[in-house]
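Okay, so here's the structure we're looking at.
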Amino acid sequence: MNLLVFDFGCHSSSASVIQVSGKEFKVISSTGSSKAGGKDIDNILVEHCLKSLASSQKKRIQSNCRALYWLERTCEIAKYTLSTSHECTISVPSLLEGFNFRLDITRNTFEGLCQGVFNTAIAVVKEAMARSLLTSHNINKVLIAGGSNNIPKMKALVESLAIRQAPVLFTASDAISEGPHSWHRKNTGLRKIPPP
10 MNLLVFDFGC HSSSASVIQV SGKEFKVISS TGSSKAGGKD IDNILVEHCL KSLASSQKKR
70 IQSNCRALYW LERTCEIAKY TLSTSHECTI SVPSLLEGFN FRLDITRNTF EGLCQGVFNT
130 AIAVVKEAMA RSLLTSHNIN KVLIAGGSNN IPKMKALVES LAIRQAPVLF TASDAISEGP
190 HSWHRKNTGL RKIPPP
């Protein structure tokens with residue numbers, strides 16, 4: 010069995026192709042990028058809000074650590090909300106000098122803003138596939154881990170690779186913290202084949 014593992018984490022994304030035989034497995038290829046992670050998506054949302062503040066309210070908060078902190082936290086929540094809803098409101102009461110910030114955003118707008126990050130992340134998957142010298146038809150199972158793995162656009166991009174079996178999603182905290190390779194090995198009893 011050939012396994013594709015895609016980890017779309019906080020600060021990076023990585024992909025590996027693993028060959029499983031009985032209770033043993035071998036990593037055929039592995040690659041990653043530090044330019045495509047959940048934090049990059051958060052930063053894009055924050056920048057979108059900052060531009061809205063500057064254009065509509067003529068306000069700049071870049072030097073206000075407290076205001077930036079709460080805006081970043083709220084944008085992170087919005088990212089997760091837009092994974093299950095088609096729109097949400099980024100709202101921070103008393104963001105600056107009593108000003109209540111409020112910005113409505115749709116999933117379509119969100120996906121358009123973050124398309125570059127999504128493209129970089131899916132390129133990591135494609136590179137791992139290319140290095141393995143396997144085609145999508147040779148992949149039997151897909152494991153997806155990472156804090157931002159529920160974003161519909163990201164799921165759709167993985168599924169667009171035409172892998173014959175639907176992706177299996179692992180969102181458990183232990184899978185995220187210890188890594189999908191180790192998590193799958195621990196929960197299936199697989200043993201890694203040492204390199205020659």
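Take 10 as the starting number for the sequence shown in my numbering and just add one per residue.
The beta carbon of each residue, even a glycine, is placed where N, CA and C say it ideally should be.
| Check | Outcome |
| --- | --- |
| What residue ranges within the segment 27-67 form continuous alpha helix (DSSP H) runs of no fewer than 4 residues, ordered along the chain? | 47-61 |
| Can you give the Cα-Cα distance for E96 and F119, rounded to whole angstroms? | 9 Å |
| Report the rounded CA-to-CA distance for L59 versus I70, giving the unit in angstroms. | 8 Å |
| Name the two residues that bound the continuous beta strand (DSSP E) containing C84. | Counting along the chain, C84 falls outside any beta strand (DSSP E), though it belongs to the alpha helix (DSSP H) covering 74-90. |
| At 4 residues or longer, what runs of the alpha helix (DSSP H) sit wholly inside the segment 105-156? | 116-122, 124-141 |
| For a quick check, are the C-beta atoms of I99 and T83 less than 8 Å apart? | yes |
| Name the DSSP bridge partner or partners of E168? | DSSP, once it has assigned bridges, lists no residue as partnering E168. |
| Taking all protein chains shown into account, decide if N128 is buried (16 or more other Cβ within 10 angstroms of its Cβ) or exposed. | exposed |
| Can you tell me whether M163 is buried or exposed, with buried defined as 16 or more other CB within 10 angstroms of its CB? | buried |
| What did DSSP end up calling D16 once you bin it into helix, strand or coil? | strand |
| How do the segment 149-163 and the segment 12-27 stand: do at least 3 beta-carbon pairs fall below 8 Å, yes or no? | yes |
| Would you call T144 buried or exposed, if buried means 16 or more other Cβ atoms sit within 10 Å of its Cβ? | exposed |
| Taking just the CA atoms, how far does V55 sit from R75? | 14 Å |
| Any chance the CB of I148 is under 7 Å from a heavy atom of the ligand FMN? | In the structure shown, the ligand FMN is absent, as is every other ligand, since no ligand is present at all. |
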